[in-house]
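Take the sequence shown: its letters are residues 276 to 924, numbered as in this note's numbering.
Data block below; observations after.
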Amino acid sequence: MLAVTLIGPKDEMEYVANQMILLGGFQPLSLDLILGDRSLRSKVKTSTDNPYDELLSEMAYVWQAAGESLPEAHPVPVTKEQTYERMRAEVRKITEKLRLWAERKSSLQEEVDELKAILVCAEALIKNKMDPKELLDTQNLLMFFGKLSDENFKRLEESSQSVPMLVMKLYSWHHETWMLAFAIPEYKEGAEKLLDSVYFKGYSIDDVLKTISDNPAEALQKRIDNKIRAIEGLSKAAKDYLDKRRKELEKLYSSVYTMQRIYDLCKGRGEIGDIYVLSGWIPEDMLAQLKSLIEHQAPRTTVMIEEEKNLPYSEIRVPTYLRNLPLVRAFQHVVAMYSLPSYGEIDPSFFVAVTFCLFFGFMFGDVGHGLVLGLLAHLLQKKRKMSKSLGTVVKAAACSSVLFGFLYGSIFGFEDIIPAIWMSPMKDMGKMLSLSLVIGVSIVTIGMILNMILCYRQRDFGRMLFDGRGMAGLIFYLTAAWAIYAVMSHKPLPIPGWVVATLLCVLLTCIILRDLLARILLKERISSSANESGGLYLFEVFHNLLSFLSNTISFLRLAAFALNHVGLSLAVFMLSDMVTSLPGGLFAKIAILVIGNVVIIGLEGLIVFIQTLRLEYYEFFSKFYKGGGVSFKPVRWEKTGESVSRSQM
């Protein structure tokens with residue numbers, strides 16, 4: 276990753292920003308982190324407001340007035356003559372008439388809602404044989420008509436029970452309640468205060484009911500119909516306007532959207548007069564494209580490159596940009612659940628993709644169960660009930676389960692339908708346990724080799740050679756594993772035992788004296804141990820030695836869960852055989868077999884999935900992986916949607 280700073284005139288910078296959005300490989304970096312000189316920073320203005328947000332909202336009036344949804348925006352090439360002032364004038368010219376129509380339409384709709392409430396009120400009074408006009412002329416009651424939110428109406432009902440006030444609900448619309456309230460004249464002030472406390476919006480019903488004919492319901496309905504026709508006429512006019520100029524308006528909308536995205540990219544930019552300063556991260560392989568763009572399209576713009584070691588502040592964290600094959604990319608999310616790799620660290624996604632499928636298939640090897648699990652993941656992914664990455668991981672694990680099912684000769688727990696290509700877990704139990712330990716030794720060894728590669732990249736040769744997870748620790752681990760295997764299998768060692776014991780002691784001494792050997796032999800100091808006490812380091816060495824044993828033994832769970840899978844299947848078969856002789860035994864047997872297999876796929880599949888994660892995170896990652904990285908999040912054309920970080924380390 277490279278930190279770049281672009282300095283140039285506004286017209287060129289807007290054009291360059293447009294191209295960088297289309298490339299999708301630029302993550303803005305705050306100028307506060309780049310400009311360490313306070314006097315220089317004080318001269319640079321920072322603008323975070325996006326003026327195109329308002330224009331984008333105004334453009335929405337065009338489709339809102341026509342009753343249509345917004346079109347899908349697409350990237351539009353930005354010319355140097357395309358300024359905010361010109362675009363604002365063009366948008367205002369187009370949307371002024373439509374905005375007036377939309378406002379008039381909204382006003383008419385509110386009038387319709389009010390008339391509908393009055394109609395409900397009039398019909399309720401007539402139904403109770405009360406003349407609305409006579410009610411308005413009464414001197415003994417005060418009448419309040421209007422609306423408030425549904426929640427506030429409930430509060431008003433509760434409060435009105437203890438005061439001389441009658442509340443009547445007319446109807447609800449858009450989470451608002453239209454109501455009618457009556458109170459005695461002596462309680463006028465109290466009623467008004469109570470209504471104000473619930474944000475009651477009152478309307479005058481007097482003028483409407485006094486000007487209508489003797490049949491208020493019919494007259495109100497006519498007025499409502501007239502206003503609805505007016506609303507429909509405005510909608511039709513707006514739709515006709517949109518249909519006539521659709522291509523032109525969609526192009527303008529995309530242009531505004533493009534400029535809005537450009538300014539999103541430029542958030543945090545610096546301005547010195549007409550000069551813009553923009554900083555951010557780009558992948559190394561994008562530098563050639565950027566320089567070519569600047570050279571041919573923005574000759575007055577300067578590009579400054581800052582490498583990681585030359586950044587002005589040490590607290591700036593270089594983002595991680597992962598690049599993997601499509602299948603491996605799904606397992607990046609498995610790694611990210613633990614922690615994203617930091618910049619410069621080894622990306623374990625490929626190793627996780629291979630070992631995850633290996634572990635899961637080894638523990639859950641069954642053709643039928645694997646097929647059902649894969650089909651279920653596919654359906655959930657298709658219905659958007661499962662994310663794409665998780666669905667891919669589960670389907671890959673299911674394929675591994677099917678493969679190991681053929682190797683074990685197991686289909687829905689039956690081991691006599693297809694022959695075992697490799698071995699049967701129950702018949703070859705000892706072989707399963709031995710193979711689990713071999714896999715454990717291999718995975719721990721790979722983890723330590725990756726740690727040595729990382730130390731080599733960081734030029735930390737002291738840890739690479741003498742650390743408990745370096746070369747000394749690796750040789751110690753393999754030698755001890757070889758000796759233990761010889762003792763357990765009663766096979767003689769090709770060399771005398773005292774030579775093996777001496778080698779282990781020498782290696783252990785090297786691990787304990789790691790810092791001293793690094794200073795004497797390599798003339799370097801291991802920085803992280805500068806503040807460590809001798810006792811603390813000895814405890815770390817002791818912990819590493821124990822972890823060799825515990826991490827290796829932990830892989831016995833591979834064989835244990837493979838045997839557990841067979842055992843659960845046998846239990847289901849035994850239970851189904853027990854009910855065969857009962858009335859309706861055939862149906863009960865089928866039901867038990869189906870339910871049992873569902874439980875095995877759901878419950879044991881989940882447990883095996885968790886155990887696979889445990890082997891990855893604790894036994895494998897603990898040997899070389901730290902994580903703590905920050906994902907690379909470039910500004911892209913799409914405003915919404917999931918951005919998958921891809922890394923170049």
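Using N, Cα and C, we set each Cβ at its ideal position, and we do this for glycine too.
Please work out which residues of its chain come closer than 6 Å, Cβ to Cβ, to residue i, disregarding the five sequence neighbours upstream and downstream, and give them in chain order.
| i | result |
| --- | --- |
| Phe-428 | Thr-452 |
| Val-291 | Ala-573 |
| Ala-761 | Leu-768 |
| Pro-858 | none |
| Arg-536 | Ile-296 |
| Lys-422 | Glu-451, Trp-453 and Lys-476 |
Please report how far the alpha carbon of residue i lies from the alpha carbon of residue j, in whole angstroms.
| i | j | result |
| --- | --- | --- |
| Val-279 | Val-669 | 40 Å |
| Arg-921 | Phe-907 | Bear in mind that a pLDDT of 36 at Arg-921, under 50, signals an unreliable position, so the model cannot answer this. |
| Glu-385 | Lys-658 | 40 Å |
| Ser-314 | Met-288 | With a pLDDT of only 49 at Ser-314, under 50, the local geometry of the prediction cannot be trusted, and no value is derived from it. |
| Ala-397 | Tyr-446 | 13 Å |
| His-840 | Leu-888 | 18 Å |
| Phe-631 | Phe-639 | 12 Å |
| Leu-843 | Ala-755 | 36 Å |
| Val-910 | Ile-296 | 6 Å |
| Gly-666 | Arg-794 | 50 Å |
| Met-418 | Leu-455 | 7 Å |
| Gly-832 | Asp-703 | Here the sequence assigns Arg to residue 832, which means Gly is not the residue at that position. When rounded, the distance between both Cα atoms is 16 Å. |
| Phe-884 | Ser-676 | 12 Å |
| Gln-572 | Lys-566 | 10 Å |
| Arg-738 | Thr-784 | 14 Å |
| Ala-805 | Ile-728 | Because Ala-805 sits at a pLDDT of 42, beneath the cut-off of 50, its placement in the model cannot be relied upon, and the following sentence gives the value as read from the coordinates. Rounded to whole angstroms, Ala-805 to Ile-728 spans 23 Å at the Cα level. |
| Ala-835 | Leu-277 | 48 Å |
| His-818 | Pro-326 | 59 Å |
| Ser-381 | Ile-503 | 11 Å |
| Phe-895 | Val-847 | 34 Å |
| Asn-726 | Asp-691 | 45 Å |
| Trp-757 | Arg-789 | 24 Å |
| Ile-557 | Lys-766 | 58 Å |
| Glu-559 | Asp-549 | 29 Å |
| Ile-499 | Pro-460 | 32 Å |
| Leu-881 | Phe-635 | 10 Å |
Where does residue i fall in DSSP's three states?
| i | result |
| --- | --- |
| Gly-477 | strand |
| Ile-393 | helix |
| Ser-437 | coil |
| Ala-348 | coil |
| Ala-695 | coil |
| Ile-865 | helix |
| Ala-292 | helix |
| Met-924 | In this predicted model, Met-924 has a pLDDT of only 39, less than 50, meaning its place in the structure is not dependable; the value taken from the coordinates is given anyway. If DSSP states are grouped into helix, strand and coil, Met-924 belongs with coil. |
| Leu-315 | With a pLDDT of 47 at Leu-315, under the threshold of 50, the modelled position of that residue is not reliable, and the figure given next carries that caveat. Looking at Leu-315 - three-state DSSP - the assignment turns out to be helix. |
| Pro-284 | strand |
| Pro-909 | coil |
| Leu-648 | helix |
| Tyr-327 | helix |
| Lys-658 | coil |
| Val-578 | strand |
| Ile-870 | helix |
| Glu-451 | strand |
| Gly-421 | strand |
| Ile-875 | helix |
| Lys-444 | strand |
Is residue i a contact residue of the ligand HEM, with contact defined as CB to any heavy atom under 7 Å?
| i | result |
| --- | --- |
| Asp-515 | Ligands displayed in this structure: none; no statement on the ligand HEM is therefore possible. |
Leaving out five residues before and five after residue i in sequence, what residues of the same chain have Cβ atoms less than 7 Å from its Cβ?
| i | result |
| --- | --- |
| Arg-592 | Val-905 |
| Gly-649 | Lys-670, Ala-673 and Cys-674 |
| Ser-434 | Leu-469 |
| Thr-533 | Asn-293, Pro-350, Val-351 and Val-353 |
| Ser-664 | Ala-605 and His-608 |
| Ala-505 | Leu-383 |
| Leu-851 | Contrary to the premise, residue 851 reads as Ser rather than Leu in this sequence. Excluding positions up to five away in sequence, the list reads Lys-864, Ile-867 and Leu-868. |
Grab me the residues of residue i's own chain with a C-beta within less than 8 Å of its C-beta, minus the 5 sequence neighbours each way, in chain order.
| i | result |
| --- | --- |
| Tyr-893 | Asn-826 and Ser-829 |
| Met-602 | Before going on, a small fix: residue 602 reads as Leu here, not Met. If we look at Leu-602 and ignore the five residues flanking it on each side, its Cβ neighbours are Ala-628, Thr-667 and Ala-671. |
Taking 8 Å as the CB-CB limit, is residue i close to chain D?
| i | result |
| --- | --- |
| Leu-861 | Annotation note: the requested chain D is absent from the structure, which comprises a single protein chain. |
Check your understanding: So does the segment 509-518 actually touch the segment 337-345, counting three or more Cβ pairs closer than 8 Å?
Key -> yes
Exercise for review: Say whether the segment 763-782 touches the segment 743-751, bearing in mind that this needs 3 or more beta-carbon pairs closer than 8 Å, one atom from each stretch.
Suggested key: yes
Exercise for review: Could you name each continuous alpha helix (DSSP H) segment of 4 residues or more that falls completely within the segment 761-844, going from the start of the chain to the end?
Suggested key: 772-787, 789-796 and 809-829
Practice item. Determine contact between the segment 619-627 and the segment 893-903, defined as no fewer than three beta-carbon pairs at a distance below 8 Å. Key: yes
**Study point:** Runs of alpha helix (DSSP H) wholly within the segment 496-570 (minimum 4 residues, chain order)
**Key:** The qualifying runs are 521-540.
Exercise for review: Can you check the segment 699-750 for any alpha helix (DSSP H) of at least 4 residues that lies completely inside it and give the ranges in chain order?
Suggested key: Taken in chain order, the unbroken stretches of alpha helix (DSSP H) that lie wholly in the segment 699-750 and span 4 residues or more are 704-732 and 736-741.
Review point. Can we say the segment 520-532 touches the segment 362-369, given the rule of at least three CB pairs closer than 8 Å?
Key: yes
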